[in-house]
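Asker: Pasting a structure below so you can have a look.
Residue numbers (our numbering): 0 to 386.
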């Protein structure tokens, strides 16, 4: 574009380049009222809106009133030449579809824990049992037992137990999702994406440009199971996937993941690396591919992207997941400019993968007293770094 064209574009940007509010749908959904509010936002200069389920929603999520309200927004967006963006979850984080996915226990989050005992059997779903020699520092040695083997007198049993996340009120009294499980994510697509395609697929890439995923994560290790046990995120197919990626059996390292041992550093590196790849491939890439096939832009942001240590626990690697977004995204909450890795991690991947845009969910948790000057300050801070 020539200079004059670029300058003019700032005065009258296209809808895709304008702000689009996270629009809280948090009451009884009424299509006429929704259409009125949508029109009002556009008249104030917005380029569209993200139709976002929030706390307080009284209509059935993805039910008739919900879908009729989406239709009203699509109609208004067609009339205005603006964008009605979809959102893939009932509140957040993405993956459970408000419990519609995780009402099946098999799709709920899972973790493994270890339990040292003198008893050969303990309660629960035991995946593996080891004989271990331990001291005050950690594990001296360990060996995997078969069902017929017993520990020696100087050893103890180390049982590896599969645990399931319990129902939680936030997820409508169902568990959070097992987002590293390919079949669970497939069910999420069938539940939260396919209904929109069935009713509005002809508008994908037109009045509906894309869909937002919000803080999907692998944090079943850090979510409360109701006790103090340490857990690592797990799913049924993890051992096979680990063997494929790392070239050796997962059972070779399990005790060293939980207790100090000479191979603990390598064990933890290989475990985190594998979890990161599994999440990116089974969640992000699977959804990206579906959106790509259906002319829908996949955008959104990941959990705890502002802190390296935190996002390793919650996402494995945020950077891997950015690769599978048409519009890589972040959130930068509050009235602050102290985040550096958040923005540059996202925009760096956007540059390297040839993405034309990067998105930010911003101004959240700033309070109604937050000034326009403050908003410009935070916006400019992000724009110069590539948002």
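We put the beta carbon where it would ideally sit given N, CA and C, even for glycine. Note that the coordinates shown come from a computational prediction; the quantities given were computed from them, not determined experimentally.
Got a sec, what are the start and stop residues for the beta strand (DSSP E) residue 221 sits in?
Answerer: Premise fails: residue 221 is in no beta strand (DSSP E) and is neither H nor E.
Asker: Compare the C-beta of residue 198 with all C-beta atoms of chain C and state if any pair is closer than 8 Å.
Answerer: In summary, chain C is missing from the structure at hand, where a single protein chain is found.
Asker: State yes or no: is the C-beta of residue 332 within less than 8 Å of the C-beta of residue 216?
Answerer: In this structure, residue 216 does not lie closer than 8 Å to residue 332 by Cβ.
Asker: What is the residue span of the alpha helix (DSSP H) that residue 19 lies within?
Answerer: From DSSP, residue 19 is part of no alpha helix (DSSP H); its letter is neither H nor E.
Asker: Please determine, among 168, 165, 120 and 8, the residue with the shortest C-alpha to C-alpha distance to residue 145.
Answerer: The option with the nearest alpha carbon to residue 145 is 120.
Asker: Please list, in chain order, all residues of the same chain as residue 325 whose beta carbon is under 6 Å from its beta carbon, the five residues on each side excluded.
Answerer: Excluding sequence neighbours, residue 325 sits near 296 and 297.
Asker: Give every residue of the same chain whose Cβ lies closer than 8 Å to the Cβ of residue 71, excluding the five residues on either side of it in the sequence, and list them in chain order.
Answerer: The residues are 30, 31, 33, 34 and 37.
Asker: How about residue 176 and residue 100: do their beta carbons lie closer than 8 Å?
Answerer: Cβ distance < 8 Å, so residue 176 and residue 100 count as in contact.
Asker: Can you have a look at residue 261 and say buried or exposed, based on whether 16 or more other CB atoms are within 10 angstroms of its CB?
Answerer: By the 10 Å Cβ count, residue 261 comes out exposed.
Asker: For residue 150, count neighbouring C-beta atoms within 10 Å of its own C-beta (all shown protein chains included) and say buried if the count is 16 or more, exposed if not.
Answerer: Burial call: buried.
Asker: I'd like the ranges of any alpha helix (DSSP H) spanning at least 4 consecutive residues and lying wholly in the stretch 150-211.
Answerer: DSSP runs (the alpha helix (DSSP H)) wholly in the stretch 150-211: 181-191 and 193-199.
Asker: Does the separation of the CB atoms of residue 338 and residue 294 fall below 8 Å?
Answerer: No; because the gap between Cβ atoms is not below 8 Å, this pair is not in contact.
Asker: Return yes when the Cβ of residue 98 is within less than 8 Å of the Cβ of residue 172, no when it is not.
Answerer: Yes, they are a contact pair.
Asker: Where are the alpha helix (DSSP H) runs, 4 residues long or more, that stay fully inside the stretch 15-95, in chain order?
Answerer: Whole alpha helix (DSSP H) segments, 4+ residues: 30-42 and 63-79.
Asker: Short of 6 Å in beta carbon distance, which residues of its chain neighbour residue 263, apart from the five on each side in sequence? Order them along the chain.
Answerer: Counting only Cβ-Cβ distances below 6 Å, and skipping sequence neighbours, we find 255.
Asker: Just mark residue 300 as buried or exposed, buried being the case when its beta carbon has 16 or more other beta carbons within 10 Å.
Answerer: Buried, because 16 or more other Cβ atoms sit within 10 Å of the Cβ of residue 300.
Asker: Starting from the Cα of residue 129, find the closest Cα among 268, 48, 116 and 123 and give me that residue.
Answerer: It is 116 whose Cα lies nearest to the Cα of residue 129.
Asker: How big is the Cα-Cα spacing for residue 240 and residue 12?
Answerer: Rounded to whole angstroms, residue 240 to residue 12 spans 46 Å at the Cα level.
Asker: Using the three-state DSSP reduction, which class does residue 132 fall into: helix, strand or coil?
Answerer: Three-state result, residue 132: strand.
Asker: Who are residue 331's beta bridge partners in DSSP?
Answerer: DSSP output for residue 331 lists 361 as bridge partner(s).
Asker: Where residue 251 and residue 316 are concerned, what is the direct C-alpha to C-alpha distance, given to the nearest angstrom?
Answerer: The alpha-carbon atoms of residue 251 and residue 316 are separated by roughly 24 Å.
Asker: Tell me the rounded alpha-carbon separation between residue 214 and residue 65.
Answerer: Taking the straight line joining both Cα atoms gives about 22 Å.
Asker: Bridge partners of residue 107, per DSSP?
Answerer: DSSP, once it has assigned bridges, lists 176 as partnering residue 107.
Asker: Per DSSP, which residues does residue 112 bridge with? Please list them.
Answerer: Residue 112 pairs with 160.
Asker: Give the range of the beta strand (DSSP E) segment to which residue 300 is assigned.
Answerer: Unbroken beta strand (DSSP E) run through residue 300: 296-300.
Asker: Just to check my reading of the structure: residue 166 and residue 225 have Cβ atoms closer than 8 Å, yes? What is that Cβ distance to the nearest angstrom?
Answerer: Not quite, the Cβ-Cβ distance comes to about 11 Å (not below 8 Å), so this is no contact.
Asker: Okay, do the stretch 44-57 and the stretch 77-91 touch, 3+ Cβ pairs below 8 Å being the bar?
Answerer: Taking 8 Å as the limit for Cβ pairs, the verdict is that the stretch 77-91 does touch the stretch 44-57.
Asker: Since residue 140 sits in a beta bridge, which residues does DSSP pair it with?
Answerer: Paired residue(s): 132.
Asker: Express the C-alpha separation of residue 174 and residue 102 in angstroms, rounding to a whole number.
Answerer: Taking the straight line from one Cα to the other gives about 8 Å.
Asker: In whole angstroms, give me the CA-to-CA distance for residue 162 and residue 112.
Answerer: Between residue 162 and residue 112, the C-alpha separation is close to 7 Å.
Asker: Is it true that the CB of residue 154 sits closer than 8 Å to the CB of residue 131?
Answerer: It is a contact, given that the beta carbons lie within the stated cut-off.
Asker: CB residue 158 to CB residue 133, shorter than 8 Å?
Answerer: Cβ atoms of residue 158 and residue 133: not closer than 8 Å.
Asker: Please check the pair residue 85 and residue 207, which I expect to be a contact at CB under 8 Å, by giving their CB distance rounded to whole angstroms.
Answerer: Rounded, the Cβ-Cβ distance is 6 Å, consistent with contact.
Asker: Alpha carbon to alpha carbon, how far is residue 382 from residue 42?
Answerer: Taking the straight line from one Cα to the other gives about 24 Å.
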